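4 protein chains.
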Amino acid sequence: MPLDDFPIRLELPVLWGNQDLFGHVNNCIHIRWFESSRVAYWDAGIGELMKSAGNLGPILANVTCNYKSQIRYPDTVHVGASVRKLGRTSLTMEHVVFCENGDRLAAEGQSIVVLFDYDKQRPVRFPAEMIATIEEIEGGPVGG
Amino acid sequence: MPLDDFPIRLELPVLWGNQDLFGHVNNCIHIRWFESSRVAYWDAGIGELMKSAGNLGPILANVTCNYKSQIRYPDTVHVGASVRKLGRTSLTMEHVVFCENGDRLAAEGQSIVVLFDYDKQRPVRFPAEMIATIEEIEGGPVGG
Amino acid sequence: MPLDDFPIRLELPVLWGNQDLFGHVNNCIHIRWFESSRVAYWDAGIGELMKSAGNLGPILANVTCNYKSQIRYPDTVHVGASVRKLGRTSLTMEHVVFCENGDRLAAEGQSIVVLFDYDKQRPVRFPAEMIATIEEIEGGPVGG
Amino acid sequence: MPLDDFPIRLELPVLWGNQDLFGHVNNCIHIRWFESSRVAYWDAGIGELMKSAGNLGPILANVTCNYKSQIRYPDTVHVGASVRKLGRTSLTMEHVVFCENGDRLAAEGQSIVVLFDYDKQRPVRFPAEMIATIEEIEGGPVGG
């Protein structure tokens, strides 16, 4: 899936210190990049709605990463995020990491995020306004 | 699955700096702990065999983590690793993270690791000796 | 200065992932360990006093690290912290990192920490009770 | 000292995950940024010369950071590096971190780096060619 299919896109420099003993970017860094793209998604509107809807917040339930090719310093990565599934109280976000060197997919994966009501201490349904914002970001309806 | 079912077990302190803005251990740290338990597995014999068998090394193809409960500083975690599936050229390792506070499962997940021949630049079959060592560590046969 | 001269001491495992491309523990990790020992110092009594004295908290003004010898995985480090100077509104904490392999000093350094009143948004004098607790931890008077 | 006085300048995004429990960028991250600017300095010519001059490499002897103001997500930092002192076998590099929010200095510090001959296992004098390259980058002579 090309980067253009991801409505949220970050451009991030690879730091020398992101590499491990094997001479390529350490596997934990991809997970940090996924996190950065998740937060960028919230920043595009959902985060504000979570606050205004009460004491709501996202809880990460699962993260998965498929490492497709190695990334070395120096390089710049482009991280994409897109909500692919919108359940009652959770959503599935897809992530990709493309690197400029070789113009290739370096990793792809997903996060499952639960919408949590911290006052009631339980998951809550996505409010209609939040669904509308996600579908606006995605440019169309998102399946359940 | 209790920690005792994992032949490789690490005891690691939670550092204050492992926490993020939300006041609990950041999701990337679990992935680092998984890595630590993978390396501890190699240290138990497989790593030596990889070197002696030629220019072989493990390549991480996938990592998955299910976050079950939040971990706060101060605490100590116990990370377990076990090879649950042994394919022709890859294996699936299961990881668990238990924390002492509340004596509970904090996360569980898995890694898929490919055995790679760096000279031939392609995946290779697990040598019989390596399978034997894994099954010795696991205390019995591992399914494919 | 031997580790025994440091009243706060932490034993921390070196993780494989603490290493960088050069094959030894990355320079940022020592700073994280310093932080861990600073927090352990607060945990020994000062932290409680900060809270009970109002909206007080420590602000890190400076950190310095002298790297004395390289640390490789696997190893265990012992990190020591001691308050060496107690000014009106700031203190100087000394840190050491000893590693078990070779039983040697790997790093030494210091942190300068300012006691900050978040309500008044300015540094405040150390309360007598806090000075007493520090001198109790140190086993004697601390110079200014 | 303004950013323009630093010949090596990096623009780096602040990641959400760079923040700690206190809600601002964790003190270890500045040290990572210093490292990134050091490596960027080597990349500007010194690194190549180290390799061509034999088995030479930089060893970090000391790092110091003065934290001047807090950085919060989202923001972009500009990290500058400049060699301020050039000794026989070591150099002192100055670092600054400016953040765009508030257009202010967030941190300043320095690294002391020793030029090391890995074959002879001892520090070596900076070759004339390396000094010339540093002074070319700096736009003038660098004091000892």
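Chains as they are written, first to last, in our numbering: chain P, 371 to 514; chain U, 371 to 514; chain G, 371 to 514; chain R, 371 to 514. We put the CB at the ideal spot given by N, CA and C, even for glycine. The structure presented is a predicted model; accordingly, all values stated were derived computationally and were not measured.
Item                                                                                                      : Value
Same chain, Cβ closer than 7 Å to I399(R), five either side skipped, listed in chain order                : N388
Contacts that L391(P) makes with chain R (C-beta to C-beta distance below 8 Å)                            : Those within 8 Å of L391(P) in chain R number zero; the least Cβ separation is about 16 Å.
Whole-number beta carbon distance between I501(G) and G415(G), since they are thought to touch under 8 Å  : Not a contact, Cβ separation roughly 12 Å.
Continuous beta strand (DSSP E) stretch holding V409(G): start and end                                    : From DSSP, V409(G) is part of no beta strand (DSSP E) but of the alpha helix (DSSP H) over N397 to Y411.
Span of the alpha helix (DSSP H), counted from its first residue to its last, around M420(U)              : G417 to S422
Start and end residues, alpha helix (DSSP H) containing T503(R)                                           : A498 to E508
Contact between the stretch 438-446 of chain P and the stretch 377-397 of chain P (3+ Cβ pairs under 8 Å) : yes
Any C-beta of chain P under 7 Å from that of R379(U)                                                      : no
Residue from A498(P), V466(P) and G457(P) with nearest C-alpha to D374(P)                                 : V466(P)
Exposed unless 16 or more other CB atoms sit within 10 angstroms - verdict on D488(G)                     : A small correction: the amino acid at residue 488(G) is Tyr; Asp does not occupy that position in the sequence shown. So Y488(G) counts as exposed.
Range covered by the beta strand (DSSP E) that runs through N432(G)                                       : L426 to Y437
In DSSP terms, what Q480(P) is bridged to                                                                 : T434(P) and E464(P)
Opening and closing residue of the beta strand (DSSP E) in which H448(U) lies                             : T446 to L456
Bridge partners - L485(U), DSSP secondary structure assignment                                            : P428(U)
Burial state of S481(R), where buried means 16 or more other Cβ atoms lie within 10 Å                     : buried
Alpha carbon of T503(G) to alpha carbon of A431(R), nearest angstrom                                      : 34 Å
Chain-ordered chain R contacts of P383(P) [CB-CB under 7 Å]                                               : L382
Chain U contact for G417(G) (CB, 7 Å cutoff)                                                              : no
Reduced DSSP secondary structure (H/G/I, E/B, other) of L382(R)                                           : strand
CB of E464(P) within 7 Å of CB of S452(P), strictly                                                       : yes
Assigned exposure category for A476(R) - 16 Cβ within 10 Å defines buried                                 : buried
Secondary structure of L515(G), DSSP reduced to three states                                              : In the structure as shown, chain G begins at 371 and stops at 514. Residue 515(G) is therefore absent and cannot be evaluated.
Residue-level contact to chain R via CB, R458(P), 7 Å cutoff                                              : no
Proximity to M420(R) [Cα-Cα], best of F486(R), Q491(R), E505(R) and R458(R)                               : F486(R)
Cβ neighbour criterion (16 or more within 10 Å) applied to E406(U)                                        : Checking the displayed sequence, the identity of residue 406(U) turns out to be Ser instead of Glu. Buried.
T446(G) burial status per 10 Å Cβ neighbour count (16 or more: buried)                                    : exposed
Contact set for F376(U): own chain, Cβ-Cβ below 7 Å, skip 5 residues either direction                     : G450, A451, S452 and V466
Straight-line Cα distance separating Y411(R) from C435(R)                                                 : 18 Å
Own chain, CB closer than 7 Å to P511(P), minus 5 neighbours either side, in chain order                  : E505
Chain P contact for I501(U) (CB, 7 Å cutoff)                                                              : no
C-alpha gap between T462(R) and I401(G), whole angstroms                                                  : 19 Å
CB contact flag (W403(U), V409(G), <7 Å)                                                                  : no
Identity of the residues DSSP links to P493(G) by a beta bridge                                           : F486(G)
Selected residue, minimal CA-CA separation from P372(R), among K455(R), F468(R), F496(R) and P383(R)      : F468(R)
Exposed unless 16 or more other CB atoms sit within 10 angstroms - verdict on E381(G)                     : exposed
Under 7 Å between C-beta atoms of V433(P) and S460(P)                                                     : no
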